[in-house]
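Report on one structure; see the data block that follows.
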Amino acid sequence: MARDLLIDGYNLMHAVGLARRRYGPGDLERCRDRLLKWLARNLSERERLRATIVFDAKEVHAGQSLAGHFRGMTVWFAAKEAEADDLIEELIETHSSPRQLLVVSGDRRLQRAARRRRAKAVDSERFHAELTIRAEVEEEVSRRPDPKRDAAISESEMAAWLAAFGDVRPDEIRKEVERERSRARPAAVPKPSAPAPPPGNSQPSASPRPLSRRPLKVRPAPSQHNGSDDASREKTASEPLAGDEVDFWEQRIADLFDEEGPAT
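In the numbering used here, each residue carries its 1-based index in the sequence shown increased by 939.
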């Protein structure tokens, strides 16, 4: 909003939901203060400096000025014999750059007065909705992690490093902190390699595949003894094999990989 804001105070108070049907002693003044605080929270500093809020002079204490400031915003109270609409219309007519003016009010009379001067007018309900949405978006953005902000070394970190290594330059400390943080980041998990194709009639790879070291039950080559006691001589990978037996089975497995096709 790069415009001067001229706000119908009581009209916006109803749109924001701060107005009441009946006011007890001091209630109207408290509602005005809540509206001004809401505007101060939801307008930027630049917008506050260009904002003017106009109220009727109801519950204005005797001797209280009809013009003042609240957190950079200009606040006007209409004279007791006039209404806020009259003062707002006068401010529209006397504005030096009406095309840079935004009038916030649902009053059709004030909207027509704004259009006559080529100023822009917006309903209070729409103005309230736009400020609310903007505040929600800004809050959401502020919650997102900022890599540059998170990567920057804080003053407390710098002080701790200087206390430990007084002879090290600050730029070297920053580089070391960044290196430590990069090491702390989780490494990318490598993608699993494609599974080997099932055995078939195709030619095997020229280079022998590495031997699996899984525990295997192996049966030594039959000897001259009776075959009935083969089961008692069965060895597993958990039992140590003699050197010649290991050589025998490694050579046998290598021979199987070198064959042209499955054994018949």
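We put the beta carbon where it would ideally sit given N, CA and C, even for glycine.
Assuming residue i contacts residue j (C-beta within less than 8 Å), just tell me the rounded distance between them.
i, j, result
"L951", "V1043", "6 Å"
"V993", "I946", "7 Å"
"P1037", "R1057", "6 Å"
"R971", "M1012", "The pair is not a contact, with the Cβ atoms about 12 Å apart (cut-off 8 Å)."
"L1070", "A1060", "Not a contact, Cβ separation roughly 16 Å."
"L1005", "R942", "The pair is not a contact, with the Cβ atoms about 24 Å apart (cut-off 8 Å)."
"D1024", "D1046", "6 Å"
"D966", "R959", "6 Å"
Can you tell me where the alpha helix (DSSP H) holding residue i begins and where it ends?
i, result
"H1067", "1063 to 1082"
"L967", "966 to 981"
"P1025", "A small correction: the amino acid at residue 1025 is Asp; Pro does not occupy that position in the sequence shown. Counting along the chain, the alpha helix (DSSP H) containing D1025 begins and ends at 1023 to 1033."
Return the first residue and the last residue of the beta strand (DSSP E) that residue i is part of.
i, result
"D947", "943 to 947"
"A990", "990 to 994"
With distances taken from CA atoms, which of the options is nearest residue i?
i, options, result
"A1053", "R1065, I1027, T1071", "I1027"
"R985", "D966, W1015, R1010", "R1010"
"I1072", "L982, G1007, R1118", "L982"
"E1077", "D995, R980, S1035, D1046", "R980"
"D1207", "F1066, D1062, E1079, V1014", "Not covered by the structure: residue 1207. The range shown for the chain is 940 to 1203."
"R1055", "E1117, E1029, Q1190", "E1029"
"H1034", "K976, R989, F1016", "R989"
"Y949", "E1111, H1008, A1017", "A1017"
"W977", "L967, L957, D966", "L957"
"E968", "H953, D1186, R961, K997", "K997"
"A1068", "A1021, A954, E1079, E1117", "A954"
"S1063", "D1186, P1084, L944, G963", "L944"
"G1007", "T991, E1022, A1021", "T991"
Can you pull the DSSP bridge partners for residue i?
i, result
"G1007", "V1014"
"K1059", "L1041"
"F1187", "DSSP output for F1187 lists no bridge partner at all."
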